[in-house]
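In the UniProt record's numbering, the protein residues as written are 1 to 583.
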């Protein structure tokens with residue numbers, strides 16, 4: 001019987017007058033798409049105790065009680081001067097409300113968009129506290145500073161993005177600590193506070209970037225340019241290990257990943273607004289699916305974007321997707337304005353998509369869909385309608401929708417490019433030679449909670465004897481890819497020669513987003529919880545240990561933990577190809 005570690009708060013000094021309070025959970029918190037790796041996370045808060053006391057980024061509701069207990073052991077909360085918010089998250093409101101009740105004199109420090117959202121959230125959720133204590137807010141636009149005394153003269157750097165338009169980084173010249181909030185984080189929980197031996201966090205950091213930052217690559221590059229002017233020896237991140245030992249390599253990696261994303265020729269304009277964060281979370285999942293298929297995303301929060309920015313993004317995109325909440329039975333005014341711009345700008349050859357979240361109805365989704373249909377646009381997927389907060393299954397479905405949308409755009413672009421006569425070229429000769437590499441025909445199957453996946457695989461090879469290990473090549477745009485990270489499990493089903501065509505045909509067919517890959521296929525459950533194909537020649541139960549980025553594929557290294565030969569007289573089916581340019 002496995003036991004789950006309780007949530008706690010880890011407290012450690014990290015600089016002069018400066019302490020980190022890491023609220024930790026080894027479980028998954030289900031309010032953001034970036035928690036998909038299920039390795040837990042830390043919500044990092046920071047405390048500067050100088051002549052005046054400032055608290056950075058108190059954690060969300062799930063940590064409120066234990067965090068306040070840990071904080072009260074460090075300071076007299078009733079004398080807290082400032083609460084500095086890197087961004088305003090509705091989930092943090094319960095902790096902020098509790099702090100305000102304890103210390104009505106608190107001044108909240110945030111960006112101008114953050115101030116507007118903070119007032120609105122308190123008015124809608126804790127209006128009684130607002131009426132009793134008021135709300136003192138210091139807005140930081142970039143020129144202002146905050147003197148806490150003892151040399152801590154804080155500088156503020158707005159680093160907005162469509163996902164977090166109120167994002168604000170803070171620099172303390174006294175300690176040379178840069179409080180980066182969402183930037184440079186990772187969702188992983190452990191006892192390690194700093195990133196010594198930082199290469200072990202490589203997969204988690206890259207996944208975090210791909211899930212959260214890649215759709216905002218332009219804004220990430222702008223943020224990097226701004227932060228370059230503020231010397232730092234430590235990145236105080238909002239999640240995961242604090243960045244000390246890999247500060248330069250990680251900064252360079254963010255630059256390279258952003259430039260690679262921006263250099264992608266085909267792009268999608270993802271235009272949305274979000275009232276309570278649910279529509280933004282759906283947008284994030286769709287964007288993740290698009291970027292993993294090798295298509296760039298220009299993500300635009302139309303509540304904060306200028307009309308010219310929306311028009312430019314639509315003009316240069318191959319397709320556009322619009323998302324909206326429904327407020328009072330209507331689409332918000334910024335969405336209606338953006339829809340007018342799209343209708344007057346987008347060509348009929350551009351593929352369209354619509355999504356949205358709602359509480360009791362979904363009129364905004366119907367409005368956008370109707371206007372685009374009447375204008376003659378073709379849709380890349382059926383409108384996505386999410387009631388209340390999206391589930392894991394919904395987010396996975398949205399990711400697959402994004403991938404299919406991107407693949408449709410790439411296919412359309414390829415069809416428009418004249419086919420080159422390359423049969424006698426060196427490239428063609430190489431493709432023919434590479435195609436003579438053969439591999440066993442297998443089906444990879446996996447299951448994590450309510451999510452499952454499968455794919456036909458022929459790029460499989462034994463990699464180690466001790467422990468017994470193998471590698472599988474998984475294309476970046478495969479739906480199963482997001483379930484094949486370190487720590488995950490899968491079953492490798494090896495198909496028998498002469499009896500493999502039925503299974504091969506089944507798993508070769510294109511599956512729609514969310515479609516059951518195992519419908520009509522005989523399966524049984526393995527010890528690691530993943531499906532075994534009953535008609536396989538043999539199966540191997542595997543645990544993912546590492547993965548390496550290789551061009552358009554991920555190379556997955558896994559250790560075999562169990563297995564069985566199901567057909568004693570069978571022979572392994574082999575895949576023969578004529579070309580090395582496709583499967």
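Each residue gets a CB set at the ideal place from its N, CA and C atoms; glycine is no exception.
For residue i, three-class secondary structure by DSSP
| i | result |
| --- | --- |
| residue 189 | coil |
| residue 283 | helix |
| residue 443 | strand |
| residue 265 | coil |
| residue 257 | helix |
| residue 147 | strand |
| residue 422 | Reliability of the predicted coordinates at residue 422 is poor, the pLDDT of 45 falling under 50, and the value obtained from them is presented with this limitation in mind. Correct three-state label for residue 422: coil. |
| residue 528 | coil |
| residue 346 | coil |
| residue 302 | coil |
| residue 374 | helix |
| residue 513 | coil |
| residue 140 | coil |
| residue 567 | coil |
| residue 544 | strand |
| residue 161 | coil |
| residue 131 | helix |
| residue 203 | helix |
| residue 198 | helix |
| residue 575 | strand |
| residue 452 | strand |
| residue 556 | strand |
Distance CB(residue i)-CB(residue j) smaller than 9 Å
| i | j | result |
| --- | --- | --- |
| residue 153 | residue 172 | yes |
| residue 301 | residue 346 | no |
| residue 297 | residue 258 | no |
| residue 227 | residue 234 | no |
| residue 570 | residue 541 | no |
| residue 282 | residue 322 | no |
| residue 42 | residue 239 | yes |
| residue 380 | residue 408 | yes |
| residue 503 | residue 559 | no |
| residue 579 | residue 435 | yes |
| residue 396 | residue 514 | yes |
Same chain, Cβ closer than 7 Å to residue i, neighbours up to 5 away in sequence not counted
| i | result |
| --- | --- |
| residue 117 | 88 and 166 |
| residue 223 | 159 and 183 |
| residue 553 | 473, 474, 475 and 476 |
| residue 335 | 273, 302, 324 and 364 |
| residue 185 | 208, 237, 238, 239 and 240 |
| residue 567 | 496 and 537 |
| residue 125 | 93 |
| residue 148 | 48, 50, 51, 52, 54 and 154 |
Buried versus exposed call for residue i [16 or more other C-beta atoms within 10 Å across all chains shown]
| i | result |
| --- | --- |
| residue 188 | buried |
| residue 360 | exposed |
| residue 548 | exposed |
| residue 576 | exposed |
| residue 196 | exposed |
| residue 141 | exposed |
| residue 204 | buried |
| residue 2 | Unreliable placement is indicated for residue 2, whose pLDDT of 42 sits below 50; the coordinate value is still reported in the next sentence. Label assigned to residue 2: exposed. |
| residue 111 | buried |
| residue 574 | exposed |
| residue 519 | exposed |
| residue 423 | Residue placement at residue 423 is poorly supported in this model, since its pLDDT is 48, which falls under 50; the coordinates still yield a value, given next. So residue 423 counts as exposed. |
| residue 132 | exposed |
| residue 501 | exposed |
| residue 485 | buried |
| residue 315 | exposed |
| residue 278 | buried |
| residue 481 | buried |
Same chain, Cβ closer than 8 Å to residue i, neighbours up to 5 away in sequence not counted
| i | result |
| --- | --- |
| residue 532 | 445, 491, 493, 523, 524, 525, 526 and 539 |
| residue 421 | Note on residue 421: pLDDT 48, under 50, position unreliable in the model; the coordinate value appears next. Once the five neighbours on either side are set aside, residue 421 has no close Cβ partner at all. |
CB-CB length for residue i against residue j, believed under 8 Å
| i | j | result |
| --- | --- | --- |
| residue 295 | residue 410 | 7 Å |
| residue 70 | residue 174 | Actually they are not in contact, since the Cβ atoms of residue 70 and residue 174 sit about 24 Å apart, beyond 8 Å. |
| residue 121 | residue 90 | 6 Å |
| residue 21 | residue 45 | 5 Å |
Cβ neighbours of residue i in the same chain (closer than 6 Å, five flanking residues each side left out)
| i | result |
| --- | --- |
| residue 267 | 296, 298 and 317 |
| residue 8 | 24 |
| residue 81 | 52 and 53 |
| residue 157 | 169 and 226 |
| residue 215 | 287, 297 and 299 |
| residue 18 | 48 and 175 |
| residue 139 | 112 and 115 |
| residue 290 | 268, 297, 402 and 406 |
Residue i: CB within 8 Å of a non-hydrogen atom of the ligand SAM
| i | result |
| --- | --- |
| residue 95 | Among the ligands in the structure shown, none appear at all, so the ligand SAM cannot be discussed. |
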